[in-house]
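Trainee: This structure is in structure tokens; I'll ask about it shortly.
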């Protein structure tokens, strides 16, 4: 039997059947959610409101045969990572989705299932959005809102000369997952390694607990999530903080699978570890005197963190970010992902 398209549901059927139930994932602070011209949210006077937006476009961010369940998960998770990078607690989001009328109803059901599961996992509520018809491609936009104590946001601009640079988790796995999806990995890796890379690409893990612990203790000078690549996002911190950075390549945290990848395809692996992007790990600058306390907090959160380098004084005749390998600077042809 031929699968029904979303045209069979109609716009309001799509909203009522698939997306309205998601708002029940978390209702704290929602005075009124889906069903009126705008959502009404309760923002305490002692809190600042954080907001972030990410768009995913078919053919750019995901392929036409991507698993819609995983896509629903990822669309929300990447936004959660942005709120975490500010030290905030994610609370509510809106979803805007443009889709051709020929899109399969089962595809949308699976997308909504992934979105709902992510909403429940991270205790955030869908409070509104928009559904429109597109000519050909699916376009997904999520705006996520979170809360943080007044004037407590961790910005990119607070880094200081002498700060130690830390990163959570491991680097490069998601980029290897994308390379595998695109058929760019040579043989030699096990099925388990390839599955691990794919999972890291499909299901990024926003480091919310670690970020909020660090923010609560006021131990971090600057922080960002690694979405465009280590070098690109570290450059964002350096530019905002008016400093430079030195990173030791040998100290970069790698999964066992990434270590094997580095042995098999050294040049490609090195490039993806440094510039591949979509790690969604936290990169942050810490006063050297606070390193011990930061490491203790990371252990309490169950997240491994690694000291990878330091912030240094900026010089006009030097690169803003220097990657050292064997004590020598690594030559980079580009710093990371950019749309244009």
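In full-length UniProt numbering, the protein residues as written are 1 to 340.
Yeah, the Cβ is synthetic: ideal placement off N, Cα and C, and Gly gets one too.
1. Which residues in the same chain have their Cβ closer than 8 Å to the Cβ of residue 136, if we skip the five residues on either side of it in sequence?
2. How close, in whole Å, do the beta carbons of residue 141 and residue 53 come, if the pair is a contact with beta carbons under 8 Å?
3. Apart from the five residues just before and just after residue 322, which ones in its own chain have a Cβ nearer than 6 Å to its Cβ?
4. Quick one: what's residue 97 bridged to in DSSP?
5. If you follow the beta strand (DSSP E) that residue 56 is in, where does it begin and where does it stop?
6. Could you name the residues that DSSP lists as bridge partners for residue 164?
7. Do the stretch 270 to 286 and the stretch 191 to 211 meet, that is, are 3 or more Cβ pairs less than 8 Å apart?
8. Closest to residue 310 by C-alpha separation, out of 17, 153, 15, 167, would be which residue?
9. Can the beta-carbon of residue 172 be found less than 8 Å from the beta-carbon of residue 273?
10. Please classify residue 58: is it buried, with 16 or more other beta-carbons within 10 angstroms of its beta-carbon, or exposed?
11. Relative to the C-alpha of residue 188, which residue among 260, 138, 289, 145 is closest?
12. Using 8 Å for Cβ pairs, my map puts residue 129 next to residue 222. What's the rounded Cβ distance?
13. What separation, rounded to the nearest whole angstrom, lies between the Cα atoms of residue 104 and residue 297?
14. In whole angstroms, what is the alpha-carbon distance linking residue 325 and residue 110?
15. State yes or no: is the C-beta of residue 300 within less than 8 Å of the C-beta of residue 147?
16. Is residue 183 near the ligand PLP - that is, is its Cβ less than 7 Å away from at least one heavy atom of it?
17. With DSSP collapsed to three states, give me the class of residue 36.
18. Pick out the complete alpha helix (DSSP H) segments inside the UniProt domain "PurM-like C-terminal" (160 to 313), 4 residues or longer, and give them in chain order.
19. Is residue 148 helix, strand or coil by DSSP?
20. DSSP state of residue 20, grouped into three classes?
21. Have a look at 228, 145, 131, 318 and flag the residue whose alpha-carbon is nearest the alpha-carbon of residue 90.
22. Could you check how far apart the C-beta atoms of residue 219 and residue 294 are, in whole angstroms? I think they sit under 8 Å.
23. Taking the straight line between their C-alpha atoms, what separation do you get for residue 115 and residue 76?
Mentor: Let me lay it out:
1. Cβ neighbours of residue 136 beyond the five flanking positions: 100.
2. With 8 Å as the limit, residue 141 and residue 53 qualify as a contact, their Cβ atoms being about 7 Å apart.
3. Beyond the five residues adjoining it in sequence on each side, residue 322 comes within less than 6 Å, by CB distance, of 246, 329 in the same chain, given in chain order.
4. Looking at the DSSP assignment, residue 97 forms a beta bridge with 131, 140.
5. Counting along the chain, the beta strand (DSSP E) containing residue 56 begins and ends at 47 to 57.
6. 286, 310.
7. Between the stretch 270 to 286 and the stretch 191 to 211 there are three or more C-beta pairs closer than 8 Å, enough to call the two in contact.
8. The shortest Cα separation from residue 310 among 17, 153, 15, 167 belongs to 167.
9. Yes. Within cutoff.
10. That one is buried.
11. Ranking the options by Cα distance to residue 188, first place goes to 260.
12. Residue 129 to residue 222, Cβ: 32 Å. No contact.
13. For residue 104 and residue 297, the gap between their C-alpha atoms comes out near 46 Å.
14. Each residue's Cα considered, the two are about 45 Å apart.
15. One thing to note: residue 300 has its Cβ no nearer than 8 Å to the Cβ of residue 147.
16. This structure lacks the ligand PLP; in fact it carries no ligand of any kind.
17. Strand.
18. Taken in chain order, the complete alpha helix (DSSP H) segments of 4 residues or longer contained in the UniProt domain "PurM-like C-terminal" (160 to 313) are 173 to 181, 191 to 202, 208 to 216, 230 to 241, 256 to 264, 266 to 275, 291 to 301.
19. DSSP places residue 148 in strand when its eight states are reduced to three.
20. Of the three classes helix, strand and coil, the one that applies to residue 20 here is helix, per DSSP.
21. Nearest C-alpha to residue 90: 145.
22. That pair is a contact at about 5 Å.
23. Each residue's alpha carbon lies about 7 Å from the other.
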